[in-house]
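Working notes, beginning with the structure itself.
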Amino acid sequence: MKITLNPNAKDAATRDALVAEGGFGKYYTDHMVICQWSEQDGWAEPELVPYGPLSLDPATAVFHYGQEIFEGMKAYRQPDGGIALFRPEANARRFAKSAARLALPEMPEDLFLETVNTLVKQDAGWVPNKVGESLYIRPFMIATEVGLGVRPSNKATYILIATPAGAYFDPSKAVSVWISTEYVRAAQGGTGEAKCGGNYAASLVAQKAAAKEGCDQVVWIDAKERKWIEEMGGMNLYFVKGKGADASVVTPKLTGTLLPGITRDSILSAAKDLGYKTEEVMLSIDDWRDGIASGEITEIFACGTAAVVSPVGQAKSAMGTWITGDGQPGKITMEIREH
11 MKITLNPNAK
21 DAATRDALVA
31 EGGFGKYYTD
41 HMVICQWSEQ
51 DGWAEPELVP
61 YGPLSLDPAT
71 AVFHYGQEIF
81 EGMKAYRQPD
91 GGIALFRPEA
101 NARRFAKSAA
111 RLALPEMPED
121 LFLETVNTLV
131 KQDAGWVPNK
141 VGESLYIRPF
151 MIATEVGLGV
161 RPSNKATYIL
171 IATPAGAYFD
181 PSKAVSVWIS
191 TEYVRAAQGG
201 TGEAKCGGNY
211 AASLVAQKAA
221 AKEGCDQVVW
231 IDAKERKWIE
241 EMGGMNLYFV
251 KGKGADASVV
261 TPKLTGTLLP
271 GITRDSILSA
281 AKDLGYKTEE
291 VMLSIDDWRD
301 GIASGEITEI
311 FACGTAAVVS
321 PVGQAKSAMG
331 TWITGDGQPG
341 KITMEIREH
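Residue numbering for the sequence shown follows our numbering, starting at 11 and increasing by one per position.
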């Protein structure tokens, strides 16, 4: 990989002060990686360069037809001072699947991992030392052919940036969610299981509606029957049924319309390691409401790369408001979070 170091990189004291501020996406590391692709030549050699603005023609395809994808992943400081990435191979595979769905080039897994490892190694000083904090890594790819024709772009640019990240939500507090029955996120045959910006852009109006209802996040239901729970804003959902050692940890089944979250998959394994039964099922709004009323559903939490595990204490919808347990983070939720 070609490496051009940033001559204006932050000094250690300035960098450490920025990292200590926490937050999410406020500051970015000194470098980024760029890799060009063309239909004619394939992938070029990636370059690590100083972090900075991009120069793109106004007619660049991504601006007009939204042909782009992204990933979210994390690097954590270890007790011995080293750095560990969380399941980067899984991100590489999902990135390739998203690319295929958006008619973008599939980046080879080894090339993807090389870019991530190189950036993290170069900007290692930006990885926070505090437990629970991390370096959030954002790979993305955009269509860069210049022209207004509606067709798959014959050029693409892969870019990798990173930002120190504190807690996305306060894990000691449960969030409230709004179950959207007016809008849907994805339909069968659509882009629901791809990680593309269009899915998130189309969700923002529902997120605004959730905020008007005093809620932190929106919950999506299916497009066809308008009753099956799918996922939350940018996170997957989990329901705990029962208490103690006999509890089951349940998550909506993957149907092709919701994102196959890497944290979601990891929690299935973590719950099993802790001795809990796990299920992937179809779960309706009525199941949610009735499960809360009967006491069968004892805890709810959301999970994703940014938030990791976030307890859900209250759900609101056109059908009413339901409080999970005492509205506070549940024991099993926090046990899984700390596992």
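From the three backbone atoms N, C-alpha and C, an ideal C-beta is built for every residue, glycine too.
Keep in mind that this is a model prediction, so the values were computed, not measured.
Residue environment: K282 is assigned as exposed (fewer than 16 neighbouring CB atoms within 10 Å of its CB, all protein chains considered). Counting only runs that start and end inside the stretch 95-159, the beta strand (DSSP E) elements of at least 3 residues fall at 144-153. At a cut-off of 4 residues, the continuous stretches assigned as alpha helix (DSSP H) that sit fully inside the stretch 180-250 are 207-211 and 214-222.
Where G301 is concerned, there is no enclosing beta strand (DSSP E), although the alpha helix (DSSP H) around it starts and stops at I295 to S304. K234 sits away from Y146, with the two beta carbons spaced by 9 Å or more. In this structure the stretch 13-30 touches the stretch 135-143; the number of beta carbon pairs closer than 8 Å is three or more. For A27, the enclosing alpha helix (DSSP H) covers residues A22 to A30. Residue state for L278 is assigned as helix, using DSSP reduced to three classes.
The way I'd put it, the stretch 39-47 does touch the stretch 163-173; three or more beta-carbon pairs between them come closer than 8 Å. The Cβ neighbour count for M245, taken over all protein chains shown within 10 Å, is at least 16; the residue is labelled buried. Between the stretch 149-160 and the stretch 311-325, the count of Cβ pairs shorter than 8 Å is below three; the stretches do not touch.
Out of F311, L112, E119 and G91, the CA that lies nearest to the CA of R97 is found in E119.
At least 9 Å separates the beta-carbon of M292 from that of K326. In this model, F105 and T39 are separated by some 22 Å (Cα to Cα). Burial is judged here by how many other beta carbons sit within 10 angstroms of a residue's own beta carbon; T14 has fewer than 16 and is exposed. With a cutoff of 9 Å on beta-carbon distance, P56 and K12 are scored as near each other. Just measuring C-alpha positions, the residue of G82, F73 and S65 sitting nearest C313 is G82. Contact between the stretch 250-270 and the stretch 193-212 is present, with at least three C-beta pairs closer than 8 Å. The three-state reading of DSSP puts T39 in coil, since its state is none of H, G, I, E or B. DSSP lists F311 as the beta-bridge partner residues of P321. The residue from T288, A255 and I272 with its alpha-carbon nearest to that of T261 is T288. Exposed is the label assigned to D67, since fewer than 16 other Cβ atoms lie within 10 Å of its Cβ. Closest in C-alpha terms to A257, from the list Q217, G207 and E345, comes E345.
With respect to I302, I333 sits close: the two C-beta atoms are nearer than 9 Å.
Checking the DSSP bridge columns, you'll see T288 partnered with V259.
With 16 or more other CB atoms across the displayed protein chains lying within 10 angstroms of its CB, M151 is buried.
DSSP, reduced to helix, strand and coil, places E81 outside both helices and strands of the structure shown, so it counts as coil.
The residues Y193, in chain order, have a CB closer than 8 Å to that of V215 in the same chain once the five nearest residues on each side in sequence are set aside.
Counting other Cβ atoms within 10 Å of its Cβ, S304 stays below 16 and is therefore classed as exposed.
Per the coordinates, the alpha-carbon of H41 lies some 18 Å from the alpha-carbon of L121.
Under DSSP, T173 forms a beta bridge with Y146.
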